[in-house]
Structure formats: structure tokens, C-alpha cells
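If you're matching them up, the sequences are chains A and Z in order.
Residue numbers for the first sequence follow this note's numbering, beginning at 141 and rising by one.
Residue numbers for the second sequence follow this note's numbering, beginning at 21 and rising by one.
Beta carbons are placed, not taken as given, at the ideal position from N, Cα and C, and that holds for glycine.
Beneath this line is the structure, given in C-alpha cells, with notes to follow.
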Amino acid sequence: MILTLALVMLAALVLYAVLAGADFGGGAWDLFAAGPRAKAQRELVSHALAPVWEANHVWLILIVVILFTAFPPAFAALMTALHAPLMLMLAGIVMRGSAFVFRQYGKSGNEMWGRVFAVASTVTPVFLGMALGAMSTGGAWHGVFPLCVGLFSLSLFAMVAAVFLTVEAPERALQDDFRLRALGAAIVSAALAAVTAFVAPRPFVPLPAAASSVVLGAALLGALWLRRYGAARPLAVALVTLVVIGWGYGQYPYLLVPNVTLHAVAAPEPTLRLLLPTLGLGALVLFPSLFWLMRVFKTVGR
Amino acid sequence: MTEPLFARGQMAYSLAFHIVFAAVGIAMPLMMVLAEVMWLRTKDDGWLTLAKRWMKGTAVFFAVGAVSGTVLSFELGLLFPSFMEKAGAVIGMPFSLEGFAFFTEAIFLGLYFYGWKQLKPWVHVACGVVVAASGALSALFVTLVNAWMNTPCCMEPIDPLGAMVTPFAFHEVVHGTLAAYMATAFAVAAIHAWQLLEKPGDPFHLKALTIALVVAVPTALVQPLAGHHAGQVVAVHQPMKLAALEGHVKTGPRAPIHLGPVDIPGGLSFLAFNDFDAVVKGLEEIPQADWPHPIVRLSWLAMVALGTLAAAWAALTALLVWRNNRQLPRDRRWLWATVLLGPAGYIALEAGWVVTEVGRQPWVIYGVLRTHDAVTPVTGLWAPFAGFAVIYAGLAGVVAKVLYDQVKAT
């Protein structure tokens with residue numbers, strides 16, 4: 141049961157990294173919008189985010205809720221150890237979301253809010269990654285390893301966002317802009333992944349995961365090169381999934397290295413027994429609605 | 021200020037901030053959908069314009085509410101880790117249900133906002149109904165957690181379902197949810213009444229005011245009853261909170277109530293226990309160091325005064341509408357009263373929240389865990405306190421400006 145709940149949290153982290161990750165990455169591409177189509181790039185990002193970005197918060201909330209319901213002492217320990225990077229991440233989340241709607245619905249200062257949105261979108265994943273990285277350094281969050289995880293998260297999110305945007309772009313030129321960006325972000329991600337693995341405090345990435353990520357990464361680069369965007373999208377999703385699962389595998393059984401493990405801090409049986417079916421019921425509401433939302437506004441399931 | 025005060029301060033203003041956005045997220049979707057239903061039934065495009073205008077306002081509030089709510093779910097642990105360590109397993113259930121309710125609201129809001137063209141009209145309305153219902157549900161679940169903090173139970177042996185139905189659950193949910201509808205409807209009514217003062221008889225603002233009144237009048241009339249019931253439950257389960265509200269020090273029978281200079285003997289005993297001779301416990305029962313802060317009494321007085329005014333206004337409005345053959349009153353004095361009462365609902369909502377929360381002190385889990393003992397050991401809490409204070413103050417200003425511009429554009 142403990143393992144199941146841990147896996148649900150990991151699955152939620154995968155979904156957060158893919159869905160919210162793409163939203164953050166989109167914001168980063170707003171910051172790095174350049175060339176003759178900079179305005180069109182920003183509009184595409186805004187258009188892609190608008191219907192979904194609020195709903196995508198739920199995965200983070202789900203992780204927090206499972207953590208404090210099923211592993212309350214671990215939640216307390218993590219919130220104490222990762223106090224600073226999480227506060228910074230939250231400030232980023234607030235600024236990003238607010239700036240996004242202010243730009244969308246405000247009558248003035250839209251340019252400034254656009255900048256705030258872009259900068260906050262770029263900085264927030266770095267803090268998120270630093271917090272995740274600090275989970276394996278006992279909470280020390282300003283070391284080289286957490287920083288690498290932070291930058292790696294940003295580049296990974298930027299890669300997913302760019303791949304998704306190639307599918308959503310309404311015209312060829314814009315598609316090519318994001319194709320180049322996706323290629324660049326994929327290469328930077330590969331480099332950062334290597335550096336991160338090198339500076340990791342303990343052998344982190346299991347070999348099969350590392351090998352499959354190389355294969356997947358190569359396939360993704362190939363698909364982008366050949367402009368096979370329909371194929372690139374699932375490959376990008378698979379790659380992020382693999383990275384998060386690999387991270388979870390390396391972290392297991394620790395929630396906070398070196399002394400907080402999953403099994404030591406689980407809540408009493410009755411809570412765990414109740415939480416699982418609740419999550420199941422929630423999923424029955426959640427996934428069909430999410431699928432419908434994506435179907436109406438995205439090119440999913442058509 | 022000390023570290024615990026910074027932690028409490030940050031939690032307090034985070035909630036005070038979020039509560040406004042949450043209340044809008046509960047009540048605006050209902051009014052939006054009512055406007056849309058009117059449009060479908062009458063084919064008068066004025067209603068459609070209204071639904072869309074309100075939708076734009078709601079979008080801003082919902083977004084800021086969503087992010088400030090995310091912050092809160094972390095802040096519980098970032099600021100009070102020992103509280104969550106003790107409470108998490110007991111009250112995680114309503115929190116996870118709240119998570120799903122929020123998610124449903126966000127998804128269907130996305131469909132509602134951007135699906136005007138893609139969805140069939142009644143499907144679109146149904147999405148709006150789901151938004152309104154899930155907004156109310158998420159308020160219900162979060163309030164259940166607060167009810168447990170005030171009347172904790174079910175910890176040994178642990179019973180997460182029992183913890184959802186504590187003695188405070190019913191009245192907190194009813195009083196709190198009514199407050200959300202009432203506060204928002206009063207503010208909306210005031211905005212459109214103000215516009216009607218500038219543009220008398222304007223059909224757009226008349227429509228808007230009509231829907232706002234449909235929500236504001238009944239909730240304002242029922243709210244004092246819900247509040248009275250809440251007071252009676254508090255009298256039984258948190259006698260010291262009641263004593264603090266009334267400034268009642270000496271335990272004894274026939275406790276009086278103070279109405280300005282007048283004392284009504286036995287009044288408090290009767291209000292609290294339906295019996296003029298009932299014994300009402302006074303603050304002398306606990307050490308003076310544990311007496312709730314005087315702001316609790318001030319907030320309570322403000323809430324009761326504003327609630328009474330609001331109910332009087334609601335009764336007057338109902339009377340005017342009835343005598344006016346179901347037409348809205350056009351009297352400028354009535355419009356002015358409506359404008360002036362605009363902030364009353366939100367002030368009362370915030371004041372009521374101060375009453376429950378500051379009135380619960382010095383406990384975070386009433387009688388079980390002291391707030392002081394739950395504060396994070398992390399030092400330098402002034403920094404997040406100051407940082408988020410600046411952010412929230414800025415956001416409040418910008419939201420007000422965005423809203424003002426939207427109203428001015430009508």
C-alpha cells in the first residue's frame with residue numbers, strides 16, 4: 141500500500157512534469173522569443189496555455205496532499221529542509237499565474253506582465269528542480285547537484301514545450317521556429333543530464349534507464365529532424381516520464397536522504413486504506429474530464 | 021516580531037488574501053450561469069454580454085485564487101510542520117477531496133471560458149453548473165478541515181471519516197458558504213448600482229443588478245439565523261471563544277448581553293442556551309495569558325453589525341421590489357445604500373474568519389496542540405513574510421485596477 145501510494149505520487153510528478161512542465165517551458169519560450177515571428181511565438185504560447193494551465197496545478201497539489209496524508213512526518217521534514225527553495229518556487233508560481241491573467245485580461249501594462257510571466261516561468265522550474273535535487277542531499281539546496289537538477293528541469297520543460305508547440309503551431313514557419321528550439325533544448329538537456337549524473341551524490345541513474353533515455357533521445361532528435369511532429373510528441377512525453385521514473389528509482393526508498401524513508405514515516409493503516417479508493421474515485425472524475433478538455437482545445441484524441 | 025509571529029502573520033494574510041478569491045470563485049460562476057440561462061431563455065443578447073463580462077472578471081479572480089491556494093497547501097507545512105505532522109493523517113481526506121473539486125472546477129472553467137464556439141449551448145451551461153457546484157464543494161471540504169481544528173477528534177484510534185463530521189462542521193460550512201455568496205453578490209450589486217447612478221436605467225446594469233439581488237437578498241436574510249446557530253454551537257464546544265466575543269469575564273447564571281450602554285439581564289444566557297438562567301462560562305476560567313486577543317471581539321462586533329445592516333437592506337429591498345410590481349427600485353437613495361454596502365459582505369467575511377481563527381488561539385488544534393509549538397524551526401521567517409506580503413499587496417492592487425478597467429469599459 142505504501143509503495144502504491146509512492147507510485148501514485150511519482151505518476152503525479154510525471155504528469156506535472158509533462159503538463160505543467162510544458163506550461164512553464166512555454167513561458168520560457170516567451171522569454172526567449174526572437175526573430176521576425178517573436179510576436180506570433182508569444183501568441184502561440186499564450187493560446188496553448190490559456191485553457192489548461194490552472195488545471196495542471198492539480199498534480200502538484202495532489203503530490204502535496206498525498207505526502208501530508210500518507211506520510212505526515214516526511215511532509216514535515218521536507219517542508220522544513222526544503223523551506224527556502226519551496227518558498228521561492230511558490231513565489232514564482234504566484235507571479236507566473238497572476239501575470240499571465242493580467243496580461244490576458246488587463247487593459248494596461250500588458251508588456252510588463254508578459255515579461256513577469258516569462259521570467260517567472262523560467263525561474264520557477266529551476267527552484268522546483270533544486271528542491272527535488274535537495275531531497276537527495278539532505279536538504280542542502282544550494283550545492284552543485286541541486287543546481288544541475290534545477291537547470292536540467294528547466295531545459296527538459298523547455299524541450300517538451302517546444303515539441304508540443306510544433307504540433308499546435310498553425311503555420312509552417314512557426315512550426316520550424318519551435319522545431320529548432322526543440323532540437324536545441326533536447327541537446328542542452330542531454331548535456332545537462334550527463335553533467336547531473338556526473339555530480340550526483342550517489343549512483344543515481346540505473347543503467348537500463350540511462351540506456352533507454354539515450355535511445356529515446358536519439359529517436360526524438362530524429363523525429364524532430366525529419367519534421368515528424370506527431371511522433372516527436374509521444375517520444376518527448378516518454379523521455380520525461382523515463383527521467384522522472386529514473387529519479388524516483390534512484391531516490392527510493394528515501395524521501396529525504398539520509399534519514400527519512402517511505403516506510404518509516406507512513407500514516408496509520410486506516411488512513412492509507414481510505415486514501416487509495418478516494419484517489420481511485422477522484423481519478424474516475426479527473427481523467428475523463430481532462431481528456432475532454434484536451435480533446436476540445438488540443439489536438440489530442442482527434 | 022518573533023519567529024512564531026512572522027509564521028502566524030504570513031499564514032494569516034495568505035488566508036485573508038485567498039479567502040476573497042475563493043469566495044468569488046464560489047459565487048461568480050453561479051451568477052454567470054444564471055445570466056447565460058436567461059440569455060438562452062429570452063434570446064436577449066444583453067444577458068450573453070453580461071455572462072461574458074462576468075466571466076472575464078471571474079477569470080482573473082480564479083487564476084489568482086488558484087495560485088494562492090497552491091501556496092497555502094505548501095504553507096501549512098512550510099510554516100507549521102508539526103501541525104501537519106500531527107493532523108495530516110486525520111484530515112488529509114477532505115484535503116484530497118478538495119484537490120479533486122478544485123481540479124474539476126479548473127477543467128470545466130477552461131471548457132466554459134474557451135468553449136463558447138465548440139460546445140452546444142446547453143452543454144456549455146452544464147459546464148458552468150459543474151464549475152459552480154465544484155466551487156461550492158471545494159469550500160465545503162476546506163471548511164471541514166477548519167471545523168476539525170476547532171473541534172478535533174478521531175485521532176486515537178484514527179478515524180479520517182469521523183474527522184470530517186465534527187460538531188463544528190455543519191455550521192461552519194453553512195455560515196461560511198452563505199458568506200461567500202453573500203459577500204460576492206453584495207460587491208457585484210454595488211458595482212452595478214454605482215454604474216446605474218452614473219447611467220440611470222441602463223439595461224445592461226439593470227440585468228446585472230437583478231441577478232446580484234437574486235443571490236444577495238436571500239443569503240443576507242438567512243445569514244443571521246445561520247450565525248445565531250453558529251454562536252450556540254460555539255457556546256457548547258468553545259465556551260472561552262464565546263466569552264471572548266462577548267467580553268464576558270465572570271462565570272455565572274443570567275449572563276447579560278451588552279447593547280451599547282444597555283445591559284439586558286440574562287440576554288447572553290438566552291442567546292447561547294435558549295434559557296435566561298443558563299450558566300455562561302467567563303474568561304476567568306483560563307489563565308489570562310491564554311485569553312484570545314481583543315481583536316476577536318472587535319471583529320465579532322463588526323461582523324454582527326454589518327450582517328444586521330445587510331439583512332435590513334435585504335428586507336427593505338424585498339419590500340421595495342414587491343411593492344414596485346417586481347421591478348427593481350430606481351430610487352437613488354436605495355442605489356446609494358447598495359453601493360455603500362458593497363464592501364460590507366467581504367469585511368464581514370474577513371471579520372468572521374478572524375473570529376474563528378484568532379478566537380481559536382493559542383491553539384492550532386483546539387486543546388491539543390498550541391500554535392507556538394507547531395511553528396517551523398527554520399529561522400529568518402521575516403524574509404518570506406516580507407516577500408509574500410509585498411507580492412500579495414501588489415497583486416491586490418493590480419486585481420482592483422484590472423477590475424476597475426473592466427467595469428469602466430462596459
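P141(Z) is outside the set of residues whose beta carbon lies under 9 Å from a beta carbon in chain A. Across the set A190(A), G420(A), Y369(A), the C-alpha of Y369(A) shows the shortest separation from the C-alpha of D317(A). A Cβ of chain Z is located within less than 9 Å of the beta carbon of V192(A).
Inter-residue distance for M175(Z) and F257(A) is about 43 Å (C-alpha atoms, whole angstroms). Not one beta carbon of chain A lies nearer than 9 Å to the beta carbon of D393(Z). The DSSP-derived three-state label of G155(Z) is helix. In its chain, beyond the 5 residues on either side, V266, G269, M270 have a beta carbon closer than 6 Å to the beta carbon of G290(A).
A check of alpha carbon separations from L340(Z) across I46(Z), W74(Z), L233(Z) identifies L233(Z) as the nearest. By the C-beta density criterion, W365(A) is exposed, having fewer than 16 other C-beta atoms within 10 angstroms. Residue range 394 to 396 is occupied by the beta strand (DSSP E) that includes Y394(A), with no alpha helix (DSSP H) assigned at that position. When the five nearest sequence neighbours on each side are left out, the beta carbons in the same chain lying within less than 7 Å of the beta carbon of Y366(Z) are those of V40, A203, A207, in order along the chain. The C-alpha of A302(A) is placed about 6 Å away from the C-alpha of R321(A).
Around the Cβ of K219(Z), a 10 Å sphere holds fewer than 16 other Cβ atoms; the residue is exposed. In this structure D163(A) is buried. Its beta-carbon is surrounded by 16 or more other beta-carbon atoms within 10 angstroms. Neighbours of P180(Z) in chain A, taken as residues whose beta carbon is under 7 Å from its own, are P410, T411, L414 in chain order.
D351(Z) and W432(A) have their C-alpha atoms spaced approximately 48 Å apart. The beta carbon of G251(Z) sits no closer than 9 Å to any beta carbon of chain A.
Counting C-beta pairs closer than 8 Å gives fewer than three between the stretch 189 to 197 of chain Z and the stretch 139 to 154 of chain Z, which falls short of the contact rule. Assignment of beta-bridge partners to T401(A) by DSSP yields Y394(A). Proximity of chain Z to I385(A) at the Cβ level (cut-off 7 Å) is not reached, the minimal Cβ distance being about 23 Å. Between S158(Z) and E118(Z), the CB-CB gap stays under 9 Å. Taking a beta-carbon distance threshold of 9 Å, K72(Z) does not count as an interface residue toward chain A. Per DSSP, the continuous alpha helix (DSSP H) segment holding L291(Z) begins and ends at 287 to 293.
Of the residues assessed, S102(Z) falls on the buried side of the cut-off, its CB having 16 or more other CB atoms within 10 angstroms. Residues are counted here when their Cβ sits less than 9 Å from a Cβ of chain Z; for the stretch 241 to 259 of chain A these are V241, F242, Q244, Y245, G246, K247, S248, G249, W253, given in chain order.
Close to chain A, meaning a Cβ-Cβ distance shorter than 7 Å, are the following residues of the stretch 88 to 111 of chain Z: S88, T90, V91, S93, F94, G97, L98, P101, S102, M104, E105, G108, A109.
The beta carbon of N250(A) sits closer than 6 Å to those of R243, all from its chain and outside the five residues before and after it, given in chain order. C-alpha of F296(Z) to C-alpha of V148(A): approximately 57 Å in a straight line. By the C-beta criterion, the stretch 266 to 276 of chain Z is judged to be in contact with the stretch 291 to 307 of chain Z, since at least 3 inter-stretch pairs fall below 8 Å. Scanning chain A for C-beta atoms nearer than 7 Å to the C-beta of A79(Z) yields V241, Y245, reported in chain order.
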